[in-house]
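Each remark here refers to the structure printed beneath this line.
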Amino acid sequence: AQSVTQLGSHVSVSEGALVLLRCNYSSSVPPYLFWYVQYPNQGLQLLLKYTSAATLVKGINDFEAEFKKSETSFHLTKPSAHMSDAAEYFCAVSDPFNTDKLIFGTGTRLQVFP
Amino acid sequence: DSGVTQTPKHLITATGQRVTLRCSPRSGDLSVYWYQQSLDQGLQFLIQYYNGEERAKGNILERFSAQQFPDLHSELNLSSLELGDSALYFCASSPAERMNTEAFFGQGTRLTVV
Numbered sequence: 386a387q388s389v390t391q392l393g394s395h396v397s398v399s400e401g402a403l404v405l406l407r408c409n410y411s412s413s414v415p416p417y418l419f420w421y422v423q424y425p426n427q428g429l430q431l432l433l434k435y436t437s438a439a440t441l442v443k444g445i446n447d448f449e450a451e452f453k454k455s456e457t458s459f460h461l462t463k464p465s466a467h468m469s470d471a472a473e474y475f476c477a478v479s480d481p482f483n484t485d486k487l488i489f490g491t492g493t494r495l496q497v498f499p
Numbered sequence: 007d008s009g010v011t012q013t014p015k016h017l018i019t020a021t022g023q024r025v026t027l028r029c030s031p032r033s034g035d036l037s038v039y040w041y042q043q044s045l046d047q048g049l050q051f052l053i054q055y056y057n058g059e060e061r062a063k064g065n066i067l068e069r070f071s072a073q074q075f076p077d078l079h080s081e082l083n084l085s086s087l088e089l090g091d092s093a094l095y096f097c098a099s100s101p102a103e104r105m106n107t108e109a110f111f112g113q114g115t116r117l118t119v120v
């Protein structure tokens with residue numbers, strides 16, 4: 386069964402600093418991986434997805450993530466944080482042969498300080 | 007705007023009552039997914055419908071049921087409500103039967119059981 390672990394329920398960075406949100410997955414087959422963002426009082430919005438093409442995936446708002454099979458990781462990064470990036474971020478996994486649902490991690494709340 | 011509409015946005019009801027949450031998917035999307043988001047459980051997959059038929063079930067209680075109508079809108083029925091059912095309920099839609107592409111989430115219905 387697939388699962389994801391997001392290390393750190395809260396991450397705080399200064400505006401302009403590097404953002405790194407960690408996600409490790411567990412899957413018996415090469416998975417599909419997703420990062421979603423949830424702004425306050427909003428639904429989830431897809432940031433980026435990995436579906437077995439390029440291992441470095443670029444998403445919206447300058448976010449990117451790298452699929453590392455050897456580390457079973459799919460960490461999310463952004464070179465320079467903006468105040469508007471403050472939100473909750475969810476990593477999710479699905480089995481490409483049984484993609485009936487997404488399995489979400491517990492989320493990481495990103496705070497950005499001026 | 008994701009194109010997925012959920013109504014109502016907020017719902018306050020008493021224990022033991024029954025409520026219906028409604029979801030209109032994006033135009034053309036055949037799959038509808040229901041998720042429950044709570045502080046202690048995170049984002050939990052409840053159920054998926056594709057073109058009117060149930061496709062996958064997750065951690066959905068027997069007191070809960072859902073359906074998808076011919077016009078593709080979906081309803082989630084929650085009965086014999088308990089305090090622990092208080093949560094944010096999300097609907098998501100996607101064009102495919104399988105969750106291997108982007109899912110578009112509505113803004114959710116916040117259910118408070120008192």
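Line order of the protein sequences matches chains A and B.
Residue numbering for the first sequence is 386 to 499, as defined by the working numbering.
Residue numbering for the second sequence is 7 to 120, as defined by the working numbering.
C-beta: ideal position from N, C-alpha, C; glycine also.
In the structure shown, serine 99 of chain B falls within a strand segment according to DSSP collapsed to helix, strand and coil.
The shortest C-alpha to C-alpha distance from glycine 492 of chain A to any of A/Ser479, A/Ala386, A/Leu429, A/Pro416 is the one to A/Leu429. Glutamine 427 of chain A reaches chain B at Gln113, counting residues in chain order whose Cβ is nearer than 7 Å. Using a Cβ distance threshold of 8 Å, threonine 118 of chain B and serine 92 of chain B count as a contacting pair. Chain order gives no chain B residues near glycine 444 of chain A, where near means a beta carbon separation below 7 Å; the closest approach is about 11 Å.
Between phenylalanine 475 of chain A and glutamine 423 of chain A, the beta carbon gap of about 7 Å places them in contact (Cβ cut-off 8 Å). Pairwise C-beta distances place the stretch 16-36 of chain B out of contact with the stretch 446-462 of chain A, as fewer than three of them are shorter than 8 Å.
In this structure, B/Leu84 is the residue among B/Leu78, B/Leu84, B/Gly112 with its C-alpha nearest to the C-alpha of leucine 67 of chain B.
Taking all protein chains shown into account, lysine 15 of chain B has fewer than 16 neighbouring C-beta atoms within 10 Å of its C-beta and is therefore exposed. Taken in chain order, the complete beta strand (DSSP E) segments of 3 residues or longer contained in the stretch 403-474 of chain A are 404-411, 417-423, 429-435, 441-443, 449-453, 458-463.
Residues of the same chain with a CB within less than 6 Å of the CB of threonine 390 of chain A, apart from the 5 flanking positions on each side, are Asn409 in chain order.
Secondary structure of leucine 89 of chain B (DSSP, three-state): helix.
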